[in-house]
Amino acid sequence: MSKYDPTFWEVSVDPTILEDVLVDPDSLDQLLIAPEDERAIEEKEQHRQAAMTLILQLIQTQLTPRQRQIIQMYFYENRTQQEIAAQLGINQQVVSKHLFGVVRDGRKVGGALKKLRKLCEKQGIDPQKWV
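Residue numbers (the numbering used here): 637 to 767.
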């Protein structure tokens, strides 16, 4: 069996780096991310921001006032469908229909999200690229 060698297990780290990490844990990411990866991350974030701006414009201009209100409460205020229904004085199923649509004759009809997806496709926005 090998003898315990503490120098093998210990790594010297500049104390200021440790202090920075304790104050801001996200600063550790800066130490671990290569510059080329950082550029790719920044580029992806810029693309995401531009797409989000366009999506917000679509929400404001293409959805009904009720759909906008429910989208705002559901996605931006993180409220449940039940909470939204209670505040608006409607049934939870109505909230769900405004968000996701309904199935009629085997086809999904209506819904703000379906409408937004179609509009995003027309604009060339692919949210899957953000992940």
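Note that beta-carbon positions come from the ideal geometry of N, C-alpha and C, so glycine has one too. As the structure is a prediction and not an experimental result, all values here were calculated from the model.
To which residues does DSSP link residue i through a beta bridge?
i	result
Lys744	Val739
What is the residue span of the alpha helix (DSSP H) that residue i lies within?
i	result
Arg704	Pro701 to Ile707
Ile720	Gln717 to Leu724
So, under 8 Å CB-CB, residue i and residue j are touching, yes? Tell me the CB distance rounded to an integer number of Å.
i	j	result
Gln717	Val731	4 Å
Leu755	Leu692	At roughly 12 Å, the Cβ-Cβ gap does not stay under 8 Å, so Leu755 and Leu692 are not in contact.
Leu735	Leu749	6 Å
Between the Cα of residue i and those of the options, spot the shortest distance and give me the residue it belongs to.
i	options	result
Ile726	Lys758, Ile706 and Thr652	Ile706
Lys758	Gln685, Thr700 and Leu690	Leu690
Thr700	Arg753, Tyr712, Gly747 and Asp762	Gly747
Lys733	Glu678, Gln682 and Gln703	Gln703
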